[in-house]
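For reference, the structure is listed below as structure tokens.
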Amino acid sequence: MASTSTTADVVDPHGSRAEDNYLTHDKGILSWILTLDHKRIGLMYLCSVLASFTLGGTFALLVRTELLTPGRTIMSADTYNQMFTLHGAVMVFLVIIPGIPAALGNIIMPIQLGAKDVAFPRLNLFSYHLWVMGAIFFITSMYLSAIDTGWTFYTPYSTSTTTAVIPAAFGVFVLGFSSIFTGLNFIVTIHKLRPPGMTWFRLPLFIWALYATAIIQVLATPVLGITVLMLIVERAFGIGIFDPALGGDPVLFQHFFWFYSHPAVYIMIVPASG
Amino acid sequence: MTLIACFSNFFLAAAPASSAEPAALPRMPDSPLFWMPDQASSVAAQTDWLFDVMVWLSALSAAGILGAMVYFCVKYQAKSRAANELSEVTSDHNTGLEITWSIIPLVITIALFVWGFKGFVDLRTAPKDALEIHVQGQKWRWSFTYANGWNDDTLHVPVDTPVRMIISSVDVLHSFFIPNFRTKQDAVPGRYTELWFKATKAGEFPIECAEYCGTSHSDMLSKVVVHEPGGYEKYLEQAEEAEKQLPPAQLGAELYAKKGCKQCHTVDGARLIGPSWKGIFGKTESFSDGSTAQVDENYIRDSITDPQGKIVTGYPPSMPTYKGQLKDHQITALIEYIKSLK
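Protein chains in written order, with the numbering used here: chain A, 1 to 274; chain B, 1001 to 1342.
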């Protein structure tokens, strides 16, 4: 490629020794938790996502074990409903959504681009902290309240079930913000931190894929945030938005929900294709 | 097919027979299906044909693309490190090829869309003279109401006649699904949805709920009975007469299974979602509002028509009302049945 020499001028690993990089980085737990290094943040995402994957996979195995024989095998119908809800919610919101963009994207994207880091390293770390808090809150509340709505939170089931939908919906809301911030960070990075010579059509395919994904994250995720907020409002204050008994429309929830969840399948597949 | 049947029989034999198979459960396919259930409606063949075309096209494309990928990987692999360097004359573009592999899939996609859209319009447009039957979904049963007001938990239709189902729900989302007819539609509280079909084979076919609706979602089953010509009219005449001939307690036992009571109330003292009926008659119950009452005829009647009025302490307020769904003689029969459960 013609740009090889130009790129080499910019990414000079020996020229930035005075700064915070993998050669000068501290050791210890705090150096990880407070790191601004995109590779470390990416690695932490990777570990957290893999941990979530193990958890979601365990729920899936429990579900399949229950289905081994007709009738009850190891759990009651209600427990089964909670298990597939936990499986679906963990796998969607904690594994495939952050899986490639946040984990792999953070590690590879700045390197492929030829940038030292993402545009907003502190925001990047904040995304991760938000994600961890959201994930812990999400899993704990879903598990403790034995939520059984399925990962889609379809109304009016989610507004009439006795399980605590509000904390779980709030967990989704927090996780959504982590996703939005990552997307925002990537868009700015790809726009502003391309070195001279790295023109749009010289971008590696993976960066293009991440760019497309980031746009979806920024545009679609707020819709999910608003939808779960409305769900919370309906449950908490009895304001009729989705419940027909209160003058609402359950199909409206489906439209709002899939306004996010349809693009969300591209958050999953586009970076993988890239 | 025999091979598949062998396999499915093997798995069935290996699984412990489910002991508590209630008699009222509709007949489900005898063995797990490897492919589609039998076609039994006028749209089924068209739907399956389109599905098959898509499956085989995808399988063929996947095989072709992966095959080409593996072939190229092997054929053009670098024999040495030096051979891996970029050559000056690497070609990166072939307009003819790119246009070819864009146009052909585009044509296929448009063709699939046209076929799919035609099928969609057929599925959505019920003939004007169609027989109309109301179906209502509720946790966790289907209830069908015919033009003469008769209400049943199984769907009865004449063969070779277009039937338009008007679908509603009293609580949460359900989905009315008849696999053999290849037809499915959500039941949404607060609005009517509809679907239509023309059954082409007499016989019995399962009806399922295809939208998750809570604890007993997977038991929200029923069946459609497709009658030979004349059979449908006979069914409507006989149904109501036959019911009135039965002793009340026996009718009550049938209603218990048919009307969804058994989804929440047991008759052997075990706890489900609601209180068990065993020995409940004459007992004094205490309620969540602090009051108490003895279970007598009027209490049971009120609990059926206004279940939210008194909630027995320790149970969730989850029973839907049966007001208007059970006729007076049916409520009487249920009361007599509960009395008989000592």
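C-beta atoms are modelled at their ideal positions from N, C-alpha and C, and glycine is treated no differently.
Contact under 7 angstroms by Cβ, residue i with residue j
{"i": "glutamate 1240/B", "j": "tryptophan 1150/B", "result": "yes"}
{"i": "isoleucine 1167/B", "j": "alanine 1187/B", "result": "yes"}
{"i": "valine 218/A", "j": "glycine 183/A", "result": "yes"}
{"i": "proline 1320/B", "j": "valine 1226/B", "result": "no"}
{"i": "leucine 36/A", "j": "leucine 130/A", "result": "no"}
{"i": "valine 1267/B", "j": "glutamate 1285/B", "result": "no"}
{"i": "lysine 1234/B", "j": "glutamate 1204/B", "result": "no"}
{"i": "alanine 119/A", "j": "threonine 189/A", "result": "yes"}
{"i": "leucine 30/A", "j": "phenylalanine 59/A", "result": "no"}
{"i": "phenylalanine 137/A", "j": "glycine 171/A", "result": "yes"}
{"i": "tyrosine 157/A", "j": "alanine 102/A", "result": "no"}
{"i": "alanine 1111/B", "j": "tryptophan 1196/B", "result": "no"}
{"i": "leucine 55/A", "j": "valine 90/A", "result": "yes"}
{"i": "proline 99/A", "j": "valine 132/A", "result": "Residue identity differs from the one stated: residue 99/A is glycine in this sequence, not proline. It is not a contact, given that the beta carbons lie outside the stated cut-off."}
{"i": "proline 1317/B", "j": "glutamine 1330/B", "result": "no"}
{"i": "valine 1135/B", "j": "phenylalanine 1176/B", "result": "yes"}
{"i": "isoleucine 207/A", "j": "glutamine 112/A", "result": "yes"}
{"i": "alanine 1130/B", "j": "valine 1159/B", "result": "no"}
Distance cut-off 6 angstroms: residue i Cβ against heavy atoms of the ligand COA
{"i": "tyrosine 45/A", "result": "This structure does not include the ligand COA; it has no bound ligands of any sort."}
Cutoff 6 angstroms; reference residue i; Cβ partners in own chain excluding five residues on either side
{"i": "leucine 94/A", "result": "Ser52 and Ala135"}
{"i": "aspartate 117/A", "result": "His38 and Pro110"}
{"i": "isoleucine 232/A", "result": "Ile166 and Ala169"}
{"i": "threonine 163/A", "result": "Ser145, Ala146, Ile147 and Asp148"}
{"i": "phenylalanine 259/A", "result": "Val223"}
{"i": "lysine 1310/B", "result": "Phe1287"}
Sequence-distant residues of the same chain with beta carbon closer than 8 angstroms to residue i, five excluded per side
{"i": "glutamate 1021/B", "result": "A caution first: glutamate 1021/B carries a pLDDT of 40, below 50, which makes its placement in the model unreliable, though a value can still be read off. No residues qualify anywhere along the chain."}
{"i": "isoleucine 1133/B", "result": "Phe1144, Thr1145, Tyr1146, Ala1147, Leu1155, Val1157, Val1163, Arg1164, Met1165 and Ile1166"}
{"i": "glycine 1282/B", "result": "Gln1294, Val1295 and Asp1296"}
{"i": "valine 63/A", "result": "Tyr80, Met83, Phe84 and His87"}
{"i": "glutamine 254/A", "result": "Tyr154"}
{"i": "glutamate 234/A", "result": "Thr155, Thr159, Gly240, Ile241, Phe242, Asp243, Leu246 and Gly248"}
is_contact[residue i, chain B] using C-beta, thresh 7 angstroms
{"i": "threonine 79/A", "result": "no"}
{"i": "proline 244/A", "result": "yes"}
{"i": "glycine 150/A", "result": "yes"}
{"i": "proline 156/A", "result": "yes"}
{"i": "proline 250/A", "result": "yes"}
{"i": "threonine 58/A", "result": "no"}
{"i": "arginine 72/A", "result": "no"}
{"i": "proline 271/A", "result": "no"}
Chain A contact for residue i (CB, 7 angstroms cutoff)
{"i": "valine 1135/B", "result": "no"}
{"i": "proline 1316/B", "result": "yes"}
{"i": "valine 1269/B", "result": "The amino acid occupying residue 1269/B in the given sequence is glycine; valine does not appear at that position. Not an interface residue."}
{"i": "glycine 1324/B", "result": "no"}
{"i": "isoleucine 1335/B", "result": "no"}
Contact set for residue i: own chain, Cβ-Cβ below 7 angstroms, skip 5 residues either direction
{"i": "isoleucine 1065/B", "result": "none"}
{"i": "proline 1248/B", "result": "Thr1332, Ala1333 and Glu1336"}
{"i": "leucine 229/A", "result": "Phe173"}
{"i": "isoleucine 41/A", "result": "Thr35, Asn106, Asn124, Leu125 and Tyr128"}
{"i": "glutamine 1325/B", "result": "Ser1143 and Asn1151"}
Next item on the list: Check each residue of the segment 1204 to 1238 of chain B: if its Cβ is closer than 7 angstroms to any Cβ of chain A, include it; give the result in chain order.
Entry: Only those residues of the segment 1204 to 1238 of chain B whose C-beta falls short of 7 angstroms from the nearest C-beta of chain A are listed: Tyr1212, Cys1213, Gly1214, Thr1215 and Ser1216.
Notebook entry, point to check: Do three or more CB pairs link the segment 1045 to 1065 of chain B to the segment 1116 to 1128 of chain B at distances below 8 angstroms?
Noted result: Flag = yes, the segment 1045 to 1065 of chain B and the segment 1116 to 1128 of chain B touch.
Next item on the list: Examine the Cβ distances between the segment 233 to 251 of chain A and the segment 1177 to 1197 of chain B and report whether three or more of them are shorter than 8 angstroms.
Entry: The answer is yes - the segment 1177 to 1197 of chain B touches the segment 233 to 251 of chain A, with three or more Cβ pairs under 8 angstroms.
Next item on the list: Residues of the segment 1152 to 1178 of chain B with a CB closer than 8 angstroms to any CB of chain A: list them in chain order, please.
Entry: Within the segment 1152 to 1178 of chain B, the qualifying residues are Asp1171, Val1172 and Leu1173.
Next item on the list: Mind checking the segment 1287 to 1317 of chain B against chain A and listing, in chain order, the residues whose C-beta falls within less than 8 angstroms of any C-beta there?
Entry: Within the segment 1287 to 1317 of chain B, the residues whose Cβ lies closer than 8 angstroms to some Cβ of chain A are Pro1316, listed in chain order.
Check: Below 8 angstroms, can you find three or more Cβ-Cβ pairs linking the segment 149 to 165 of chain A to the segment 211 to 226 of chain A?
Finding: Not touching, per the Cβ criterion.
Checklist line | At least 3 beta-carbon pairs within less than 8 angstroms: the segment 141 to 148 of chain A vs the segment 73 to 93 of chain A | finding: The segment 73 to 93 of chain A and the segment 141 to 148 of chain A touch, with three or more beta-carbon pairs separated by less than 8 angstroms.
Note to self: Please list, in chain order, the residues of the segment 1176 to 1202 of chain B that have any C-beta partner in chain A closer than 8 angstroms.
What the structure shows: Listed by position, the residues of the segment 1176 to 1202 of chain B near chain A (Cβ gap below 8 angstroms) are Val1188, Pro1189, Gly1190 and Arg1191.
Notebook entry, point to check: Between the segment 158 to 178 of chain A and chain B, which residues of the former have CB atoms less than 8 angstroms from a CB of the latter, in chain order?
Noted result: Those residues of the segment 158 to 178 of chain A that come within reach of chain B (Cβ to Cβ, closer than 8 angstroms) are Ser160, Thr161 and Thr162.
Note to self: Any contact between the segment 1070 to 1080 of chain B and the segment 1205 to 1212 of chain B? By contact I mean 3 or more CB pairs, one from each, below 8 angstroms.
What the structure shows: The segment 1070 to 1080 of chain B is not in contact with the segment 1205 to 1212 of chain B.
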